[in-house]
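Colleague:
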Amino acid sequence: GNSVTQMEGPVTLSEEAFLTINCTYTATGYPSLFWYVQYPGEGLQLLLKATKADDKGSNKGFEATYRKETTSFHLEKGSVQVSDSAVYFCALRIYNFNKFYFGSGTKLNVKP
Amino acid sequence: EAGVTQFPSHSVIEKGQTVTLRCDPISGHDNLYWYRRVMGKEIKFLLHFVKESKQDESGMPNNRFLAERTGGTYSTLKVQPAELEDSGVYFCASSRTREDGGYTFGSGTRLTVV
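Protein chains in written order, with the numbering used here: chain V, 5 to 116; chain C, 22 to 135.
Set out below in structure tokens:
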């Protein structure tokens with residue numbers, strides 16, 4: 005079936021630290037991969053995406069590379085800020101199907 | 022353009038009561054989706070409307086849940102009667118087409134059943 009597994013949180017970092025949030029997936033077809041972010045009190049926002057193997061999605065200093073050989077899509081940022089504190093969800097979507105499969109979310113706390 | 026609006030933002034009800042959640046999609050978005058996140062677990066798909074028709078309701082947990090989208094505009098999700106395990110955050114999303122990443126999510130309704 006289709007599923008996404010991401011590291012459990014919360015993850016607590018100091019400002020300017022390096023961030024990695026691991027995400028692996030299983031898929032019955034060829035998936036597109038996404039990272040969504042939910043800031044406190046807000047809805048889910050698309051952070052970045054990649055639609056084929058070896059593609060790198062990037063936005064706001066965050067990056068993730070679609071690794072088909074390891075079925076992974078790890079989220080990274082070189083220097084986190086307090087404003088990055090949020091819950092991050094990894095997700096996949098199979099081409100031509102309308103529903104997303106999400107991971108359980110990873111809460112990130114960044115301390116000044 | 023206005024975003025996807027959900028209300029109420031929070032609802033606390035007793036077990037056995039009825040609750041109705043509402044979602045107003047972005048104007049012109051034919052596709053409307055409901056998801057929920059229970060107990061801090063993964064966000065799971067509930068169903069998908071195209072205009073007023075249910076395209077996919079494979080994620081609806083049981084017949085206590087009823088979703089409608091009369092006229093193809095706003096949608097309601099009714100839980101009757103509510104059980105403790107229905108507690109969670111219910112998200113609505115809309116999209117104009119089936120394209121990837123075209124979803125816009127609402128901020129969710131946090132439902133607590135006591």
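Yeah, the Cβ is synthetic: ideal placement off N, Cα and C, and Gly gets one too.
Would you mind telling me which residues of chain C sit closer than 9 Å to Ser108 of chain V, beta carbon to beta carbon, in chain order?
Modeller: In chain order: Arg58, Gly61, Lys62, Glu63 and Ile64.
Colleague: Can you pull the chain V residues whose beta carbon is under 8 Å from the beta carbon of Val25 of chain C, in chain order?
Modeller: Gly47
Colleague: Do Leu37 of chain V and Phe93 of chain V have their C-beta atoms closer together than 8 Å?
Modeller: no
Colleague: Cβ atoms of Asn6 of chain V and Thr28 of chain V: under 8 Å apart, would you say?
Modeller: no
Colleague: Hey, how far is the Cα of Ser108 of chain C from the Cα of Met60 of chain C?
Modeller: Going by the C-alpha atoms only, they are around 7 Å apart.
Colleague: Within 10 angstroms of the Cβ of Leu105 of chain C, are there 16 or more other Cβ atoms? Answer buried if so, exposed if not.
Modeller: exposed
Colleague: Just to confirm the assignment: which complete beta strand (DSSP E) runs, minimum length 3, are found wholly within the stretch 7-47 of chain V?
Modeller: 7-10, 15-18, 23-25, 27-30 and 35-42
Colleague: Do we get a CB-CB distance below 8 Å when we pair His69 of chain C with the residues of chain V?
Modeller: yes
Colleague: In the stretch 29-100 of chain C, which residue ranges form an unbroken beta strand (DSSP E) of at least 3 residues, counting only runs that do not cross its ends?
Modeller: 31-34, 40-45, 52-58, 64-71, 74-77, 86-89 and 96-100
Colleague: Go ahead and pull the three-state DSSP assignment for Glu73 of chain V.
Modeller: coil
Colleague: Straight-line CA distance for Val2 of chain V to Gly13 of chain V?
Modeller: Only positions 5 to 116 of chain V appear in this structure, which leaves residue 2 of chain V out of reach.
Colleague: Within this structure, are the beta carbons of Tyr105 of chain V and Val8 of chain V separated by less than 8 Å?
Modeller: yes
Colleague: Rounding to the nearest angstrom, what Cα-Cα distance links Leu52 of chain V and Leu87 of chain C in this structure?
Modeller: 33 Å
Colleague: Within the continuous beta strand (DSSP E) that includes Thr55 of chain V, where are the two ends?
Modeller: Looking at the DSSP string, Thr55 of chain V is not in any beta strand (DSSP E), and its letter there is neither H nor E.
Colleague: Report all residues from its chain with a CB closer than 8 Å to the CB of Thr24 of chain V; omit the five preceding and five following residues, and keep chain order.
Modeller: His78, Leu79 and Glu80
Colleague: Let me know if Gln101 of chain C comes out buried or exposed under the rule of 16 or more other beta-carbons within 10 Å of its beta-carbon.
Modeller: exposed
Colleague: Step through the CB atoms of chain V and report whether any lies within less than 8 Å of the CB of Asp77 of chain C.
Modeller: So, interface residue.
Colleague: Note down, in chain order, every chain V residue with its Cβ under 7 Å from the Cβ of Gly129 of chain C.
Modeller: Gly47
Colleague: Starting from Thr130 of chain C, follow the beta strand (DSSP E) in both directions and report where the run begins and ends.
Modeller: Thr130 to Val134
Colleague: Return the bridge partner residues of Glu106 of chain C from the DSSP annotation.
Modeller: Looking at the DSSP output, Glu106 of chain C bridges to nothing.
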